[in-house]
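What follows is a single structure, written as structure tokens, with notes after it.
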Amino acid sequence: MATDNKYDRQLRLWGSEGQHLLNTSRVCMLGSSGLSSESLKNLVLPGIGFFTIVDDTLVTERDLGENFFVTQSDLGKPRADVVKTYLLELNPDVQGESLIQSIPSVLSNPSFFQTYSLIIACQLSFSEIRTLGAICEQNNKKLIVAKSNGLLGYLRIYCKEHLVIESKPSDKEIYDLRLYEPFPELLAYAESISLDGIQDIYHSHIPFIVLLVKFLKEWTETHGTKPRNMEEKTRFKDFVKGKSRDFFAQLNFQEAVSKAYLCFLEEKLPSEVMDILNDEKSVNADVNSEDFWICAKAVKEFMDRNQTVPLSGIFSDMTSDTNSYITLQNIYKNRADCDYIEVLQNYQRIKGTNQEPEIVRQFCKNLQTLEVTRFRSLESEFLSINAESIDEDEFEESKSLEWYLALRALDWFIQDQNREPTQDDKETLIKHTETLGKSIASEIAEEIIRFGKSELHCISAFIGGALSQEAVKLITHQYTPINNTFLFNSVHTTAVVLNL
Amino acid sequence: MNTSSLSPKDFIPGEDTMSMLTEYARVLVIGAGGLGCEILKDIALSGFKDIEVIDLDTIDITNLNRQFLFRKENVGEYKAEVAARFIQSRVLGCKVKAHTQPIQDFDEDFYSSFHIIIAGLDNIEARRWLNSMLHSMVKFDENGEILPETVRPLIDGGTEGFKGQARLIIPFKTACFECTMKMVTPQQRFPLCTIAETPRLPEHCITYAQIIEWEKAFPEKKLDKDSPEDMNWVYQKALDRANHYGIEGVTYMKTIGVVKNVIPAIASTNALISAACVAEALKVATYLSNPMDNYFMYMGQTGIHTATIQIEKDHECLVCSKKPINLTVSRNSKLREMIDLLKENKKYNMISPAISGMLGPLYMPKPPVLEEKHRFKLDLTFAELIDKNYFRDGDGLIVTDPSFNSSLTLIVNLV
Ligand SMILES: [Zn+2]
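First to last, the protein sequences are chains A and B.
In case it helps, UniProt numbering puts the first sequence at residues 1 to 500.
In case it helps, UniProt numbering puts the second sequence at residues 1 to 415.
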């Protein structure tokens, strides 16, 4: 073994900062069925700090086929306690306790939840979920609710506001090169490099950034303006191409043409990020605000004063000789450092401190991909489903909403009638979903009744996996969580996110 | 559970049916790593009782953040053995037999003795071989119809970081693993001239130290990627080189990442992909609902995006199309060029093909004695091969490659 760090494979995703947040997190798990233990297992393994399992259910024969963290010899013992003991064997770094108390009795004492960073509730009844939702809304707690019934399962996230600095988007490459309006040091460096009379090998290793800065300047001087429309942009690309000695052999010129679009755009922040900087929490940030919002205000002040965005310093690989690459990288890095210092000074003034917390640098570096997510509360969902957000033309989403409503109707029925429905209750279930906003198809009602309260281990394991991924995102403040419901349907092997 | 109109027609209601089907079904789990541990747990709790598991790996400390059947004191033991022991002790009445040999050591009779095969592998080579094996087991009647009793479904899972996929392969019915080889993104490699002459990234320095400097310093010794001493040596050399050029970011962790091509792995993704695989196994075995058709993917990094897609069969697939490989080759091209094509073209992706014809072997990559004997033919053109009577125009050739468990037919059209 080349490393003795058991967390090596996950540190490569969320780094030591993310790991620290995990190690110091406190998770409260309501319920101790298969779904609870599967979810918690995937949080104990990567190393959360502490967990409490709340449940007064005893281990029965049925648990043996649903829950991996109980055994035959545990029959009749408090399930929360048994599950806790086996889960703790997975990771000696994690502390955990069980609270053998009924869930309603814990819910009657909202202050119980005060010390937890995340609350997870599995297989709770309809009214329990509703009460818990209200507690989390009033006390600003992060909550994940999950269910597993037959071949169906879902998870639902609620928190007032989730802030993400490192969203690490998987789908876009981030450039922050200031080619449209090069800053003085960049311009000076580009101008110091001559393309004439140098050997081919050097000509082929000039970074595309230098090429574009030079050619855009030359073009602008000739034409009196930067390329504005489609036609001028195409001509500019041909102009760049024309400057090469052998276009098909010169990778740097090919990169210049393919990245030429970066010259045509004024460097602005995405509108979602501008919304964050202009959010009233940013505008009104003061000593008592969260660091995130103080950073937002500090950046906004920078932008108002300099009429430009602080440079991120993000710099990726490109065709270049070593020396030019390192020089250019340092030009960007130094500029980003200067901008950061100014933002830091703003931050320190607002916060009334002379400390230099890492968050300010991270904030500047990841400015383009900041995220603030606000979740619809469970109570407002129970009052009315956010039906507009569901596109009826999207067949899968629309069908999934029916499955979700069917589960809600099942929950309601079990609570209302104190029994599981039979096929004779089909119409009652369908009628109930009408009151929820959408009538479900008859075969969906039949299937839901067929499932009843049965919990299949592999469905719980799937939902437990998705749930723990989302929990890690909420705890580490990295990556983007779903907003707000994820439904897995193993009848059709489909999974969708619904914003309810 | 009761019956319902969404279940397949032949579904017979009642828990008895389900338990009967799962109890008698023999399941083979391939891999006892991140996915394998989860798969074993899930199938054991789904009622399957007759399980075997194959994995030749031993337990490493970096497995412990997700491979939950292992403890620190198990480090160094065989994964398959520890996993089998654990499942049997936890799930009453479940029988798990462990194997610690490579999958290639097992024959058709072995694989045929299972009803379902679930694979949680971390490499392409083993997947290709397994896919090829399960296809070669299928027999056809005189009309060319598949004999259903010879078909063994393969459920295959894979993960990387927050994303993963589960797929169901029914030999000759659905697209197979080989059909989608083109979708596999090859491991990123840096051009030699970049790492040698214009290094810019820490990765360039690490690769240089690993390939060029190690070879120079220890021409007789292979780099042991699991040895802290060897890895430290590479790290120090990479660091020196980076410092020389002013490149930042060479760390020991990064060095391991680059040299071992470490793929990030987390418990949650393994859990959900394994569960998706076992849900399919359950559907295949019990008719609980229709199995998926045929590929499910999950991307959890930015929100959650999933897709269930029906991957089409490749009608020229080397494994499931039952068609020979057809190559048009110039009389003046050398045998080496054709072999390179078989290796480098994404359609074939072979590792080290051995080729023989009606007149005997044309080229054998191993053992070294045979390789040496046939090597001179690599630089002969097809015209010369015909002249010297090593090859006859129009003859079919037989190709064997470690990617496939059986040989392929190759038709060369000379022009
Ligand atoms: Zn195929």
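All residues carry an ideal CB built from backbone N, CA and C; glycine is no exception.
Ligand 1 heavy atom lying under 7 Å from the CB of residue i
i              : result
D314 (chain B) : yes
A175 (chain B) : yes
V53 (chain B)  : no
V138 (chain B) : no
V319 (chain B) : yes
E66 (chain A)  : no
E145 (chain B) : no
E455 (chain A) : no
F159 (chain A) : It should be noted that the sequence gives Cys, not Phe, for residue 159 (chain A). C159 (chain A) Cβ: outside cutoff for every heavy atom of ligand 1.
E178 (chain B) : yes
Cβ-Cβ separation, residue j to residue i (assumed contact under 8 Å), whole Å
i              : j              : result
L500 (chain A) : N386 (chain A) : 5 Å
K95 (chain B)  : I51 (chain B)  : 7 Å
I205 (chain A) : T319 (chain A) : Note that residue 205 (chain A) corresponds to His in the displayed sequence, not to Ile. With 8 Å as the limit, H205 (chain A) and T319 (chain A) qualify as a contact, their Cβ atoms being about 7 Å apart.
M137 (chain B) : S113 (chain B) : Actually they do not touch by this definition, with Cβ atoms about 11 Å apart.
G76 (chain B)  : D55 (chain B)  : Going by Cβ atoms, the distance from G76 (chain B) to D55 (chain B) rounds to 14 Å, so no, they are not a contact pair.
Y340 (chain A) : R361 (chain A) : 6 Å
S125 (chain A) : S460 (chain A) : S125 (chain A) to S460 (chain A), Cβ: 17 Å. No contact.
E267 (chain A) : Y180 (chain A) : 6 Å
S36 (chain A)  : F68 (chain A)  : Actually they do not touch by this definition, with Cβ atoms about 11 Å apart.
Q368 (chain A) : I174 (chain A) : 6 Å
F86 (chain B)  : L69 (chain B)  : 4 Å
L152 (chain A) : A146 (chain A) : Going by Cβ atoms, the distance from L152 (chain A) to A146 (chain A) rounds to 12 Å, so no, they are not a contact pair.
I449 (chain A) : Q415 (chain A) : That pair is no contact at about 16 Å.
L498 (chain A) : E397 (chain A) : 7 Å
Bounding residues of the beta strand (DSSP E) (the contiguous stretch that carries residue i)
i              : result
Q165 (chain B) : K163 to I169
K333 (chain A) : No beta strand (DSSP E) holds K333 (chain A); the alpha helix (DSSP H) holding it covers T322 to K351.
V496 (chain A) : T494 to L498
I325 (chain B) : I325 to V329
E97 (chain A)  : Q95 to L99
S148 (chain A) : L143 to N149
Contacts that residue i makes with chain B (C-beta to C-beta distance below 8 Å)
i              : result
I326 (chain A) : R200, Y245, G246 and I247
T494 (chain A) : T306 and T308
Chain B residues whose Cβ lies nearer than 7 Å to that of residue i
i              : result
N42 (chain A)  : A267, S268 and A271
F68 (chain A)  : K41, L45 and R90
Q72 (chain A)  : L92
D321 (chain A) : T198
T3 (chain A)   : T62 and I256
Partners in chain B for residue i, counting only beta-carbon separations shorter than 9 Å
i              : result
I459 (chain A) : A275 and A279
H205 (chain A) : T198
T428 (chain A) : Residues of chain B passing the Cβ test: none, with the nearest at roughly 16 Å.
Extent of the continuous alpha helix (DSSP H) run through residue i
i              : result
K95 (chain B)  : Here K95 (chain B) belongs to no alpha helix (DSSP H); instead the beta strand (DSSP E) covers K95 to H99.
L436 (chain A) : K426 to L436
D50 (chain B)  : No alpha helix (DSSP H) contains D50 (chain B), which is instead part of the beta strand (DSSP E) from D50 to I54.
F486 (chain A) : Run containing F486 (chain A): none in the alpha helix (DSSP H); it sits in the beta strand (DSSP E), T485 to N489.
I135 (chain A) : F126 to N139
S271 (chain A) : S271 to L277
Y189 (chain A) : P184 to S192
R9 (chain A)   : D8 to N23
Minimum Cβ-Cβ distance from residue i to chain C less than 8 Å
i             : result
E38 (chain B) : Given the protein chain composition of this structure (A and B), no chain C is represented.
Interface residues of chain A facing residue i [CB-CB closer than 8 Å]
i              : result
L282 (chain B) : L456 and C458
F68 (chain B)  : K41, L45 and L90
V82 (chain B)  : Under the 8 Å cutoff, chain A gives no residues; its nearest Cβ is about 14 Å from V82 (chain B).
V262 (chain B) : D8, R9 and R12
Cross-chain neighbours of residue i in chain A, by beta carbon under 7 Å
i              : result
Q301 (chain B) : K168, S170 and Y479
I118 (chain B) : None at all; the shortest Cβ gap to chain A is about 11 Å.
Where residue i meets chain A, residues with beta-carbon distance less than 9 Å
i              : result
N143 (chain B) : Those within 9 Å of N143 (chain B) in chain A number zero; the least Cβ separation is about 33 Å.
Any non-hydrogen atom of ligand 3 closer than 7 Å to residue i Cβ
i              : result
D109 (chain B) : In terms of ligand content, the structure shown lacks ligand 3 and carries ligand 1 instead.
Residues of the region 87-116 of chain B in Cβ contact with chain A at a cutoff of 7 Å, in chain order, please.
For the region 87-116 of chain B, which is checked against every Cβ of chain A, the residues closer than 7 Å are R90 and L92.
Of all the residues that make up the region 236-269 of chain A, which are near chain B by a beta-carbon distance shorter than 8 Å?
Against chain B - using a Cβ distance shorter than 8 Å - the region 236-269 of chain A contributes no residues.
Taking only beta carbons into account, state which residues of the region 165-187 of chain B come closer than 7 Å to chain A, listed in chain order.
Answer in chain order: no residues at all.
Residues of the region 207-229 of chain B with Cβ closer than 8 Å to any Cβ of chain A, in chain order
K225, D226, S227 and P228
Quick one, which residues of the region 121-146 of chain A are near chain B if we go by CB-CB under 7 Å, in chain order?
Those would be none; no residue qualifies.
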